[in-house]
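Presented below is the structure to which this report refers.
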Amino acid sequence: MAAALLEQALARELGPRTGEVEVASAGLAAVPGTLATPQAMAVLREEGLDLSGHRARQVTKEMLKQADLVLTMTRAQKEHLVAWLPALGGKTFALTEMAASVGEDPARIGDIEDPFGRPEGAYRRVRDQLKAALAPVVSRIKKMLAGRV
Numbered sequence: 000m001a002a003a004l005l006e007q008a009l010a011r012e013l014g015p016r017t018g019e020v021e022v023a024s025a026g027l028a029a030v031p032g033t034l035a036t037p038q039a040m041a042v043l044r045e046e047g048l049d050l051s052g053h054r055a056r057q058v059t060k061e062m063l064k065q066a067d068l069v070l071t072m073t074r075a076q077k078e079h080l081v082a083w084l085p086a087l088g089g090k091t092f093a094l095t096e097m098a099a100s101v102g103e104d105p106a107r108i109g110d111i112e113d114p115f116g117r118p119e120g121a122y123r124r125v126r127d128q129l130k131a132a133l134a135p136v137v138s139r140i141k142k143m144l145a146g147r148v
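0 is the number of the first residue of the sequence shown in numbering that gives the first Met the number 0; add one for each residue after it.
Here you go:
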């Protein structure tokens, strides 16, 4: 859900420069090839997004090494990735940390918990939490493209 919402926000904010940014999604405990859940598809359809082509991927060290910015849903996930690949330290952030870097109150957003196995309402809450958390990410990416980060 996060990748689709980030792509949507970047398209809105960057316009033609959107093509300069690649957004990729992978999980720490993903089952490769699985589809998005019906609940995720439904709540993103409400935002005009189609997840029918989404397939889960397991994160790899190579993916992480190639990334300019790595975002995690929780601080624990960030700590896990940095322990696994220490070189990620300067480019890996929990979404909460990214919010704090632009003056947002991280407590307002908090860690973004996985709604898997929960009802559609939980997915809707996570979607809304992600939308709030991604605004600072878009701001940072705009600065990166302008060469100011």
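Idealized CB from N, CA, C, for every residue including glycine.
These numbers come from a predicted model, not from an experiment.
Around the Cβ of His79, are there at least 16 other Cβ atoms within 10 angstroms (buried) or fewer (exposed)? exposed
Among Val42, Leu50 and Glu21, the one whose alpha carbon lies nearest that of Glu33: In the sequence as displayed, the identity of residue 33 is Thr instead of Glu. Minimum Cα distance to Thr33 is reached at Leu50.
Might you give, ordered along the chain, the residues of its own chain that have their beta carbon closer than 6 angstroms to the beta carbon of Met72, omitting 5 neighbours on each side? Ile111
Say whether the stretch 44-60 touches the stretch 8-18, bearing in mind that this needs 3 or more beta-carbon pairs closer than 8 angstroms, one atom from each stretch. no
Tell me whether Ala93 sits in a helix, a strand or coil according to DSSP, three-state version. strand
Residue closest to Ala39, alpha-carbon to alpha-carbon, out of Leu27, Gly52, Pro31 and Ala28: Gly52
With 16 other CB atoms within 10 Å as the buried threshold, where does Pro31 fall? exposed
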